[in-house]
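Shown next, in structure tokens, is the structure this report addresses.
In UniProt numbering, the protein residues as written are 1 to 244.
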């Protein structure tokens, strides 16, 4: 798991924090990926990745923010092994941070935030931390492996060096490849359990002995895979001036 047993992160009931998605739109159902709740001032809101509904970087049809109200029938987040323990999402929260149009260009963020229609006192919201992540910081991703076992995976912040797959937000290198559909939307937390971001996607890079990225269509002597995730920071989601 990668953290010390005395760290506060070890005592959090993560199954009541890391929630599974269940949503339906006019075009069909969506029942994969994760989300979580965060404390927001005197209230609670839900956070997840936007991959489920599309961004400007997603191939295929994209659900625009202006159309959410008429296209989304419902969206629930629930405890993975107990669907009766759930929250029901209401409307998009902080829409102006998720999608903006500049002339003919559309900016589309990698996250979604929602107010809640139905709350649940049995679920645990996380405390957000809007600090900047520093290179070589140790953070943790909490999600599920391909057999759906809860996992806390350590990641080291790696400042991107002009790699085409990197984003200018949180980038973590991990020791293992994260099973995408069970980690997208998962919280990225520090050792105290404060949430600093959420997972957008996982990817791997095949590198030679000099550290250069090469094609993995054939095996190269001494080459190896490195595993990464890109995430969106709470600083971007809530704003650098956010106060409790």
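The beta carbon of each residue, even a glycine, is placed where N, CA and C say it ideally should be.
Beta-carbon contacts of residue i that lie in its chain and below 6 Å, excluding the five residues immediately before and after
| i | result |
| --- | --- |
| residue 25 | 71, 72 |
| residue 225 | 204, 206 |
| residue 31 | 22 |
| residue 51 | 184 |
| residue 53 | 63 |
Sequence-distant residues of its chain with Cβ nearer than 8 Å to residue i (five each side left out)
| i | result |
| --- | --- |
| residue 55 | 62, 108, 109, 110 |
| residue 18 | 34, 36, 80, 142, 143, 144, 150, 186, 187 |
| residue 181 | 32, 33 |
| residue 240 | 130 |
Beta-carbon proximity of residue i to residue j, cut-off 7 Å
| i | j | result |
| --- | --- | --- |
| residue 88 | residue 117 | yes |
| residue 191 | residue 45 | no |
| residue 128 | residue 36 | no |
| residue 202 | residue 238 | no |
| residue 199 | residue 231 | yes |
Spatially closest choice to residue i from the options, by CA coordinates
| i | options | result |
| --- | --- | --- |
| residue 42 | 19, 51, 169, 115 | 115 |
| residue 93 | 81, 82, 68, 102 | 68 |
| residue 133 | 11, 29, 235, 27 | 235 |
| residue 137 | 241, 172, 220, 101 | 172 |
| residue 82 | 20, 197, 64 | 20 |
| residue 49 | 233, 241, 240, 239 | 233 |
| residue 28 | 74, 12, 11 | 74 |
| residue 229 | 209, 223, 174 | 174 |
Inter-residue Cα distance where the pair is residue i and residue j
| i | j | result |
| --- | --- | --- |
| residue 214 | residue 126 | 39 Å |
| residue 23 | residue 33 | 11 Å |
| residue 15 | residue 144 | 10 Å |
| residue 39 | residue 211 | 41 Å |
| residue 112 | residue 158 | 25 Å |
| residue 146 | residue 227 | 16 Å |
| residue 65 | residue 91 | 11 Å |
| residue 248 | residue 101 | For residue 248 there is no data in the structure shown, the boundaries of the chain being 1 and 244. |
| residue 169 | residue 195 | 15 Å |
| residue 131 | residue 193 | 14 Å |
| residue 99 | residue 221 | 45 Å |
| residue 7 | residue 140 | 12 Å |
| residue 120 | residue 47 | 15 Å |
| residue 135 | residue 155 | 11 Å |
| residue 96 | residue 106 | 12 Å |
Same chain, Cβ closer than 7 Å to residue i, five either side skipped, listed in chain order
| i | result |
| --- | --- |
| residue 243 | none |
| residue 122 | 16, 85 |
| residue 176 | 153, 227 |
Where are the alpha helix (DSSP H) runs, 4 residues long or more, that stay fully inside the segment 69-129, in chain order?
-> 95-98
Would you list, in sequence order, the uninterrupted beta strand (DSSP E) runs of no fewer than 3 residues that lie entirely inside the segment 129-216?
-> 138-144, 150-157, 170-174, 187-189, 195-207
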